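Report on the following structure.
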Amino acid sequence: MTMLSLDDVSVSYGPLTAVRNVSLDIGRGEIVFLAGPNGAGKSTLMRAIAGVLAPSQGKITVAGKSTAGMRSEAVVRLGFTLVPEGREIFGSLSVAENLSIGAYLRRDRAGIEEDMDFVLSELPALKPRLRDAAGLLSGGQQQMLAIGRALMTRAPMIAIDEPSLGLAPKLIDQVYDILLALREKRDLTLLIAEQSFMRAVEVDARLVMLRSGHVVRAGRARDLAAERSLEGSFFGFEGAAA
Ligand SMILES: Nc1ncnc2c1ncn2[C@@H]1O[C@H](COP(=O)(O)OP(=O)(O)O)[C@@H](O)[C@H]1O
Ligand SMILES: [Mg+2]
Numbered sequence: 005m006t007m008l009s010l011d012d013v014s015v016s017y018g019p020l021t022a023v024r025n026v027s028l029d030i031g032r033g034e035i036v037f038l039a040g041p042n043g044a045g046k047s048t049l050m051r052a053i054a055g056v057l058a059p060s061q062g063k064i065t066v067a068g069k070s071t072a073g074m075r076s077e078a079v080v081r082l083g084f085t086l087v088p089e090g091r092e093i094f095g096s097l098s099v100a101e102n103l104s105i106g107a108y109l110r111r112d113r114a115g116i117e118e119d120m121d122f123v124l125s126e127l128p129a130l131k132p133r134l135r136d137a138a139g140l141l142s143g144g145q146q147q148m149l150a151i152g153r154a155l156m157t158r159a160p161m162i163a164i165d166e167p168s169l170g171l172a173p174k175l176i177d178q179v180y181d182i183l184l185a186l187r188e189k190r191d192l193t194l195l196i197a198e199q200s201f202m203r204a205v206e207v208d209a210r211l212v213m214l215r216s217g218h219v220v221r222a223g224r225a226r227d228l229a230a231e232r233s234l235e236g237s238f239f240g241f242e243g244a245a246a
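Per this note's numbering, the sequence shown starts with residue 5, numbered consecutively.
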């Protein structure tokens, strides 16, 4: 089953076209990396899928339904949620309140409680901090919280914009271990933006390489990384340690 389908999608900011003619299909349970240097259009594309920005051209479908004209709440209901770049945690609210925000569209009280237990068992670092202001958490803990908040939506597809941003390598490994475990347990579909494609190679994921708003390469990360010609298109920029 196709979870996400992009058909010739372009996204503009006024006269600036930040994403050009991107087509992509992601199946349920897949993990796909969107890699590219700063300014490539990764965040713009993710925001367009999430319904934060309207595409200027093309069609986006989530779980088979067009998102045209939809606001982000409606896209979450279809099954897609975004962990935005920089996490956008509410620093003055408690950790528990931030998690509850993820569930605000839901009315299934028992399911929400069950998911809260699940999130705290999968992200145990949050448990002793539930009543603390989220702004007091470390960067790694804030990333866990942002992932926990996304899980609380129950959306089967989660996009994460640069999860490794500002984190030490050891913490990045931890975040990825957790994401991969969650994917198994919840049958999640993951779309992950990173500047570097190295993590995609490491976890043997599908890779879509974006540059100046265009898809420049796409395929299995390990196959792409084995191509010598890639060194130009991929190593032509300084990727963050991802
Ligand atoms: N809010 C905005 N208004 C105008 N231009 C923007 C805005 N956000 C991003 N851009 C531009 O769009 C392009 C793509 O940016 P972005 O999607 O943030 O790339 P990435 O996430 O890959 O770093 C860049 O040229 C950037 O300057
Ligand atoms: Mg970005």
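Each residue gets a CB set at the ideal place from its N, CA and C atoms; glycine is no exception. The structure presented is a predicted model; accordingly, all values stated were derived computationally and were not measured.
Check: Closest residue to S155 among G83, D177, P132 (Cα-Cα distance); Outcome: Sequence check: residue 155 is Leu here, not Ser. Checked all of G83, D177, P132; the closest Cα to L155 is G83.
Check: Contacting residues, own chain, Cβ-Cβ under 8 Å from E43 (five flanking each side not counted); Outcome: Residue identity check: residue 43 is Gly in the sequence provided, not Glu. For G43, where only same-chain residues beyond five positions count, the Cβ hits under 8 Å are S216.
Check: Burial state of E198, where buried means 16 or more other Cβ atoms lie within 10 Å; Outcome: buried
Check: Straight-line Cα distance separating P160 from G115; Outcome: 15 Å
Check: Anticipated Cβ contact below 8 Å, T193 with G33, distance rounded; Outcome: 6 Å
Check: Nearest neighbour of L186, chosen from D119, V99, G223 [CA to CA]; Outcome: D119
Check: Between the CA atoms of V87 and V15 - distance to the nearest angstrom; Outcome: 19 Å
Check: Minimum C-alpha distance to M7 - residue among G45, L57, G18, V79; Outcome: V79
Check: Shell residues, 6 Å Cβ cut-off relative to heavy atoms of ligand 1; Outcome: Y17, L20, A22, G40, N42, G43, A44, G45, K46, S47, T48
Check: Sequence-distant residues of the same chain with beta carbon closer than 7 Å to A204, five excluded per side; Outcome: F37, A39, L211, A225
Check: Rounded C-alpha distance that separates G90 from I151; Outcome: 12 Å
Check: Reduced DSSP category for I162 - H, G, I as helix; E, B as strand; rest coil; Outcome: strand
Check: Contacts around T65, its chain only, beta-carbon distance under 6 Å, and the 5 residues preceding and following it disregarded; Outcome: S9
Check: Proximity winner among K69, R133, L169, Y108, relative to T98 (alpha-carbon distances); Outcome: For clarity, residue 98 is Ser in the given sequence; the question names Thr instead. When each option's Cα is compared against that of S98, the closest is R133.
Check: Delimiting residues of the beta strand (DSSP E) encompassing Y17; Outcome: 6 to 17
Check: Under the three-state DSSP convention, the category I93 falls into; Outcome: coil
Check: Cβ neighbours of R110 in the same chain (closer than 6 Å, five flanking residues each side left out); Outcome: I116
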